[in-house]
Amino acid sequence: MTILLGMSAIGFEKITRETTITAFLIALFPPMIGGAFYFLSGNHRCRGSFIRIHRGTRKVYYIFPGQKELHILDWDQLEALAGYIPIISGSINTSRHPLYLVGIDHAMKPPTEICLCCGNLGIYDGDRSAKSLWSYLQHFMANGPDGLPEPPPLPARMTRKQATLRHFQEWKSALNNSLSSRRGKRWAPIRLPVRVFWLFWHIFPQCLAEFIQYNVPYTQFPREIDELCGFVQKRKTIIRVNGKRVDG
1 MTILLGMSAI GFEKITRETT ITAFLIALFP PMIGGAFYFL SGNHRCRGSF IRIHRGTRKV
61 YYIFPGQKEL HILDWDQLEA LAGYIPIISG SINTSRHPLY LVGIDHAMKP PTEICLCCGN
121 LGIYDGDRSA KSLWSYLQHF MANGPDGLPE PPPLPARMTR KQATLRHFQE WKSALNNSLS
181 SRRGKRWAPI RLPVRVFWLF WHIFPQCLAE FIQYNVPYTQ FPREIDELCG FVQKRKTIIR
241 VNGKRVDG
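If you're matching positions, the sequence shown starts at 1 in full-length UniProt numbering and goes up one per residue.
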């Protein structure tokens with residue numbers, strides 16, 4: 001698509017072999033740079049990590065992506081703040097406001113300040129997302145799950161095709177919902193080009209990322225931390241009678 005736009009700007013009647021090769025090389029340059037950053041950053045080995053908070057020990061456990069060192073922070077000595085990450089592009093300027101948890105890892109020599117970034121985005125609601133998440137965590141550490149909404153069940157693992165098309169299906173569903181109302185149909189001539197632009201600008205790269213990252217694992221915690229935080233599935237006792245398995 002980039003090549004076609006460039007050729008149409010030049011004029012198809014003025015296209016030569018040299019301009020075609022140049023346009024092709026220019027179009028390949030951004031993917032090559034992106035691929036280099038992808039491998040150099042280590043994203044092909046680890047797609048991210050999780051923050052684990054244990055109410056009994058009042059500790060926060062974390063391993064940075066691509067590393068193996070376990071960092072343990074004291075919950076009662078944490079400082080929380082809403083971050084500000086500007087996102088500037090050629091056409092869209094916005095910002096993220098994730099919740100940051102800052103504490104001291106006293107096991108390191110010397111003791112070192114650690115800053116953990118939570119996964120909330122806060123793109124549309126500013127710092128309210130970070131404040132809401134911090135209030136939720138404080139309530140849980142003080143009172144447990146009482147009074148808090150139950151988290152949704154973990155979804156079953158999708159196939160690679162389902163994971164790749166997930167963002168496109170969400171975009172398609174939002175488009176259909178918009179066109180199902182009179183107001184949506186009235187504004188369709190204006191909103192439809194914007195949605196199509198968003199499809200090529202944001203949705204397709206997200207789909208490609210899901211395809212590439214499908215089998216890339218998250219950071220693994222030590223088994224004792226998995227057991228402490230309840231992430232180790234208990235093995236079911238197998239009963240056999242005369243060599244035949246009996247389901248309990």
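The beta-carbon is built from N, C-alpha and C at its ideal position, and this holds for glycine as well.
Note that the coordinates shown come from a computational prediction; the quantities given were computed from them, not determined experimentally.
| Check | Outcome |
| --- | --- |
| Run through DSSP, which three-state label would Lys161 get? | helix |
| From Ile203, Ile72, Gly48 and Pro217, pick the residue whose C-alpha is nearest to that of Tyr62; which is it? | Ile72 |
| Relative to the C-alpha of Asn107, which residue among Phe211, Glu69 and Asn176 is closest? | Before going further, note that residue 107 is Ala rather than Asn in the sequence given. Nearest option by C-alpha distance: Glu69. |
| Can you grab the Cα-Cα spacing for the pair Pro151 / Tyr100, in whole Å? | 21 Å |
| By DSSP, does Lys59 sit in helix, in strand, or in coil? | strand |
| Apart from the five residues on each side of it in sequence, which residues of its chain come closer than 6 Å, Cβ to Cβ, to Ser91? | Reliability of the predicted coordinates at Ser91 is poor, the pLDDT of 48 falling under 50, and no value is obtained from them. |
| Entirely within the region 132-210 and at least 3 residues each: give me those beta strand (DSSP E) ranges in chain order. | none |
| Looking at the structure shown, is Asp76 part of a helix, part of a strand, or coil, going by DSSP? | helix |
| Compare the C-alpha of Pro86 against each of Gln77, Asp76, Leu78 and His97 and name the closest. | His97 |
| On the three-state DSSP scale, how would you describe Ser129? | helix |
| Considering only DSSP beta bridges, list what Ile85 is partnered with. | Arg96 |
| Along the beta strand (DSSP E) that carries Leu70, what are the first and last residues, could you check? | Leu70 -> no beta strand (DSSP E), and no H or E assigned at all. |
| Between Met141 and Pro217, what straight-line distance do the alpha-carbon atoms span, to the nearest angstrom? | 29 Å |
| Counting C-beta neighbours from all protein chains within 10 Å, is the total for Trp171 16 or more, i.e. buried, or is it exposed? | buried |
| At a cut of 8 Å, does the region 21-30 reach the region 177-196 through at least three beta carbon pairs? | no |
| Which of the three DSSP states, helix, strand or coil, is assigned to Thr219? | coil |
| Does the Cβ of Ile3 have 16 or more other Cβ atoms within 10 Å, making it buried, or fewer, making it exposed? | Low per-residue confidence applies at Ile3: pLDDT is 49, beneath 50, and the placement is therefore not dependable enough to give any value. |
| Below 8 Å between beta carbons: does that hold for Arg45 and Gly66? | yes |
| So what does Thr112 bridge to, in DSSP terms? | Asp105 |
| Out of Cys118, Cys115, Gly144 and Thr112, which one is the CA nearest neighbour of Glu54? | Here the sequence assigns His to residue 54, which means Glu is not the residue at that position. Checking every option, the nearest Cα to that of His54 belongs to Gly144. |
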